[in-house]
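Chains as they are written, first to last, in the working numbering: chain A, 8 to 285; chain B, 594 to 894; chain C, 4 to 340.
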Amino acid sequence: MSSPLLDVQNLRVSFPSPKGPVEVVKGISFTLGRERLGIVGESGSGKSMTGRSILKLIRSPGKVTADRMTFDGIDLLSQSEKQMRAIRGARISMVMQDPKFSLNPVMTVGEQIAEALVTHAKLPRREINDRVLSMLEAVRINDPARVAKLYPHEVSGGMGQRVMIAMMLIPEPDLLIADEPTSALDVSVQAQVLDIIDDLVVTKGMGLILISHDLNLVSHYCDRILVMNSGQVVEECIASELSQAKHPYTRGLLAAMPRIDETRDELPVLDRTAWAGT
Amino acid sequence: MANTRDWLLDDSPTSLLQANLGRSYRVTLALLRNPLAVVGAIIIFGLIIAAVFAPWIAPYSPIGQNLSQRLLPPSAEHWMGTDELGRDIYSRVIYGSQITLTIVLLVAVIAAPLGLMVGAISGYFGGWVDRVLMGVTDVFLSMPKLILALAFVAALGPGINNAIIAIAITTWPSYARIARAETMTIRNAEFISAVQLQGASPLRIILRHVLPLCTSSMIIRVTLDMAGIILTAAGLGFLGLGAQPPLPEWGAMISRGRSFILDQWWVATMPGFAIIIVSLGFCFLGDGLRDVLDPKQGEGK
Amino acid sequence: MQRQLTEIVWFVVTIAFTFLGLLAITFFIGRVVPIDPVLSVVGDRATPAVYEAARTAMGLDRPLPIQFISYVGDVLTGNFGKSVSTGRPVIEDLSRVFPATLEMATLGILIGVALGVPMGVVAASRQGSWVDQVIRVIGLLGYSVPAFWLGLVGLAIFYARLRWVGGPGRIDIYFDGLVPPVTGVLLIDSLISGDIDIFWNAVNHLILPAAVLGFFSLAYIARMTRSFMLDQLNQEYVTTARVKGVPERLVVWRHAFNPIRVPLITVIGLSYAGLLEGSVMIETIFSWPGIGNYLTVALLNADMNAVLGATLVIGAVFICINKLSDVLYRVLDPRAR
């Protein structure tokens with residue numbers, strides 16, 4: 008494999024508190040090629056903070072440090088805010104959790120998608136319009152011309168998330184971070200949305216970081232998996248070998264998952280003493 | 594020392610006392626980190642000191658006239674100069690703090706409990722009680738406060754007591770609104786149902802269980818309102834409807850200094866500075882308290 | 004359609020109820036609070052016969068609810084009684100003085116919006132910086148400086164010492180009465196009559212009181228804008244915009260500011276209504292012949308008809324502006340439609 012698309016070494020994120028700084032990400036390292044990487048963990052495990060720190064979107068008073076954080080040969084740590092803006096959206100972008108909150112309520116869907124494009128390229132109005140519509144079609148929206156004129160509160164959650172994906176992919180980035188892209192959606196549309204992401208990522212040959220709390224889902228859509236617990240990576244494995252995971256935390260998570268053919272009366276609860284020392 | 598600190602900051606307190614002390618400690622710490630809040634607290638502390646110890650602090654009598662010393666500019670002898678009757682303005686400002694503090698305290702003591710009760714009853718019982726009480730509250734809220742106070746004083750007659758009543762009448766509705774909103778969120782909580790099952794009377798539930806939970810938002814609101822109360826009182830005094838001469842009320846002092854504003858500027862400006870500083874003090878402290886106590890802004894993400 | 008209709012009906016009902024409440028309050032102040040309203044009309048040297056006659060003439064021998072109904076009837080027909088100090092019907096006085104107040108408050112709110120909104124936005128987008136601190140303190144000063152004191156100091160500095168602005172009153176004494184009143188707003192009337200000198204003279208007189216009023220609305224608007232903006236800047240969709248690589252200036256103005264334009268209208272409406280109230284003090288200081296000045300003169304003369312009339316008008320305008328900004332909110336916000 009040539010030099011990786013993303014290389015993160017010893018990433019740390021901390022926030023101040025009355026008792027001194029609290030680290031929410033405690034020195035994690037990973038590399039990523041043009042592949043699909045899953046980051047799994049409970050809420051509060053630091054997985055979302057990891058995603059945001061790659062885009063350098065941790066606002067003060069939060070602090071991000073790392074030994075190395077490069078993207079396609081660019082040292083992200085030394086990039087100015089202005090240089091980062093040229094990277095955000097155009098090269099790395101992020102699908103966020105809940106379209107109810109992540110779409111601007113007073114701009115139409117079409118305007119918001121167009122904005123992502125216009126920010127990085129000067130294009131004639133006709134072409135912008137055409138590309139917005141074809142992008143909406145690419146995320147399987149049937150009537151793109153009508154939907155483009157709607158406000159976010161007029162579309163359903165599943166459609167909102169597809170709009171979000173369209174908005175994030177229209178500048179054709181190299182890396183997409185999807186931060187819990189389906190946890191706010193109805194179960195019935197979750198798979199649909201993930202299939203769209205998967206489809207587009209694979210055909211365009213992009214890298215994907217899928218952040219989720221759902222082991223099943225991640226193992227289904229990713230090539231490799233990082234398991235995070237309280238700010239640290241406790242396990243790294245190939246998705247297909249997840250069932251042979253060694254760390255007690257991962258095993259606990261696996262055991263707590265219900266299976267369709269099972270007969271257990273009670274699902275086991277995580278026994279946190281098993282890895283308390285780590 | 595370090596142990597006490599850790600005990601106070603413990604995330605899982607083991608007793609009510611520890612929880613309460615820990616909370617006060619956190620609030621104090623957070624306030625101390627906010628420079629404006631510290632300045633506000635110092636100003637209000639200064640106001641209280643000035644009011645309580647006025648006879649010892651003020652170098653001259655607040656009402657003793659000395660016509661040979663009329664309208665002297667600020668000097669080492671008279672820090673803020675003298676007025677048209679030869680009275681020392683600095684001493685009058687110091688004594689004036691007694692009047693200001695009295696007004697502010699009395700308005701708070703009348704308006705806050707009244708508002709709390711109306712709001713808590715309205716929120717707790719709901720239904721028609723709520724509609725009627727809130728209807729009345731809304732009518733008062735949609736009226737301009739100063740005008741309403743002016744009209745009341747006009748009907749009651751000028752004087753400091755009537756000014757206090759008039760201001761209290763215009764202030765309670767906003768407290769009722771807050772208390773109602775808080776009560777509505779508490780009303781359906783499990784612990785209220787638990788107390789109800791034990792057979793507690795509505796009055797007891799409101800007094801013992803609902804009102805204590807409204808206090809922090811109430812303290813913020815009252816502190817922030819203080820500046821407005823001081824300004825309204827001063828305005829009434831300025832128009833001659835509040836405290837009557839020779840009382841050294843700051844607004845009334847400005848009103849008397851109005852005729853000398855061009856040549857003896859200090860007569861009118863000095864009491865104005867006192868009003869501004871004290872009002873700012875309450876604003877700073879209220880702002881700081883809100884940042885610390887209001888979980889919506891205090892916590893963040 | 005059905006829903007909109009019930010909403011409109013409900014809206015009208017609340018307005019009517021609020022006005023009735025306003026009337027009840029002024030009625031209460033005028034008839035119930037004073038120990039003896041007759042005495043304030045006839046004076047304490049009146050003979051018992053005169054006193055009784057006045058009492059019957061005022062309708063005070065009737066039960067209170069009847070009195071209230073006839074009071075409401077009087078107000079609705081524009082009968083606010085006669086002013087003791089001017090000798091004219093109060094309604095006539097009020098319609099004469101109101102344009103002067105409107106003129107001053109309108110210029111005041113324009114100043115407040117033009118400066119306050121940008122200040123609030125800048126403060127929020129640089130939260131914690133020294134710019135933010137300065138704007139915060141300015142905002143709090145608006146809550147702490149007595150309006151009458153600021154007006155007085157302003158007059159002493161800019162009129163008496165520097166001679167930059169005109170003094171008290173709406174216009175210099177030798178221009179007085181030269182412009183035929185059309186709208187009652189001097190700036191407009193002088194332009195209609197084509198008299199530029201008078202126009203500039205009026206501007207000169209108006210600028211200081213309007214600036215003082217403007218300061219208070221600026222402080223309030225800047226404070227509210229700042230707190231709205233802080234709320235907005237924490238929203239997920241602002242992060243979305245940053246993820247897209249949108250420049251910070253556009254993040255602030257397009258994504259954070261645009262959604263608060265509508266709530267800001269409510270704030271501006273409230274502030275405008277508040278200026279009508281603030282004009283009481285300012286007009287007294289600047290001898291501005293508006294409704295505030297009228298009210299204070301009436302107060303000092305214990306002219307209750309005039310006091311209640313002015314209270315009623317200011318209260319009514321206050322309520323109207325409040326409700327109007329409510330309606331605008333519903334009409335303009337795409338989320339509320």
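We put the beta carbon where it would ideally sit given N, CA and C, even for glycine.
Please list, in chain order, the chain C residues whose beta carbon lies closer than 7 Å to that of residue 92 of chain A.
248 and 250
DSSP on residue 141 of chain C, reduced to helix/strand/coil?
helix
Out of curiosity, what's the CA-to-CA distance linking residue 86 of chain C and residue 306 of chain C?
6 Å
Do you know offhand how far residue 148 of chain A's Cα is from residue 120 of chain A's?
14 Å
By Cβ distance, which residues of its chain are closer than 6 Å to residue 170 of chain A, with the 5 residues on each side in sequence left out?
116
Could you give the first and the last residue of the continuous beta strand (DSSP E) run that contains residue 38 of chain A?
29-39
Quick check: what's the CA-CA separation for residue 131 of chain C versus residue 41 of chain C?
59 Å
Once you ignore the five residues that flank residue 129 of chain A on each side, which residues in its own chain have a CB closer than 7 Å to its CB?
none
Going straight from the alpha carbon of residue 755 of chain B to that of residue 743 of chain B, what length do you get?
10 Å
Cβ of residue 228 of chain C within 8 Å of Cβ of residue 123 of chain C?
yes
Which one of B:847, B:802, B:774 and B:872 has the shortest CA to CA distance from residue 711 of chain B?
B:774
Should residue 222 of chain A and residue 44 of chain A be called a contact, given that it needs their Cβ atoms to be closer than 8 Å?
no
Same chain, Cβ closer than 7 Å to residue 601 of chain B, five either side skipped, listed in chain order:
614, 615 and 618
Please state whether the Cβ-Cβ distance between residue 100 of chain C and residue 292 of chain C is less than 8 Å.
yes
Taking beta-carbon pairs under 9 Å, can you tell me which members of the segment 72-96 of chain A lie near chain C?
88, 89, 91, 92, 93, 94, 95 and 96
Since residue 841 of chain B meets chain C, which of its residues come closer than 7 Å, beta carbon to beta carbon?
Chain C residues near residue 841 of chain B: none, gap ~16 Å exceeds 7 Å.
Assigned secondary structure, residue 177 of chain A (DSSP; H/G/I helix, E/B strand, else coil)
coil
Sequence ranges, alpha helix (DSSP H) only - wholly within the segment 76-130 of chain A, length at least 4
88-94, 106-109 and 116-125
Per-residue contacts from residue 261 of chain C into chain A (C-beta, under 9 Å):
111, 113 and 114
Of the residues that make up the segment 267-288 of chain C, which ones have a beta carbon closer than 9 Å to any beta carbon in chain B?
276, 277, 279, 280, 281, 283, 284, 287 and 288
Can we say the segment 19-35 of chain A touches the segment 203-219 of chain A, given the rule of at least three CB pairs closer than 8 Å?
no
Who does residue 15 of chain A pair with in a DSSP beta bridge?
A:37 and A:76
Any chain C beta carbon closer than 8 Å to residue 103 of chain A
yes
Residue 144 of chain A lies in the alpha helix (DSSP H); which residues open and close that run?
132-145
Cutting at 8 Å between CB atoms, please list the residues of its own chain near residue 260 of chain A, excluding the five before and the five after it.
47, 222, 234 and 277
Quickly, what does DSSP pair residue 21 of chain A with across the bridge? List them, please.
A:30 and A:70
Take every Cβ of the segment 20-27 of chain C, pair it with every Cβ of the segment 854-868 of chain B, and state whether three or more of those distances are shorter than 8 Å.
no
What are the boundary residues of the beta strand (DSSP E) that residue 775 of chain B is part of?
No beta strand (DSSP E) contains residue 775 of chain B, which is instead part of the alpha helix (DSSP H) from 753-780.
Where residue 623 of chain B falls: helix, strand or coil (DSSP):
helix
Neighbourhood of residue 328 of chain C by C-beta, 6 Å cutoff - its chain only, sequence neighbours within 5 removed
268, 269 and 272
Could you give the residue range of the beta strand (DSSP E) that holds residue 49 of chain C?
It is not in any beta strand (DSSP E) - residue 49 of chain C carries neither H nor E in the DSSP assignment.
Please return the same chain residues whose Cβ sits closer than 6 Å to the Cβ of residue 70 of chain A, not counting the five positions on each side in sequence.
21
State the DSSP-derived secondary structure class of residue 185 of chain A, mapped to helix, strand or coil.
strand
Could you check whether the Cβ of residue 732 of chain B sits closer than 8 Å to any Cβ belonging to chain C?
yes
Rounding to the nearest angstrom, what Cα-Cα distance links residue 786 of chain B and residue 716 of chain B in this structure?
15 Å
Of the residues C:62, C:56, C:76 and C:54, which one's Cα is nearest the Cα of residue 27 of chain C?
C:76
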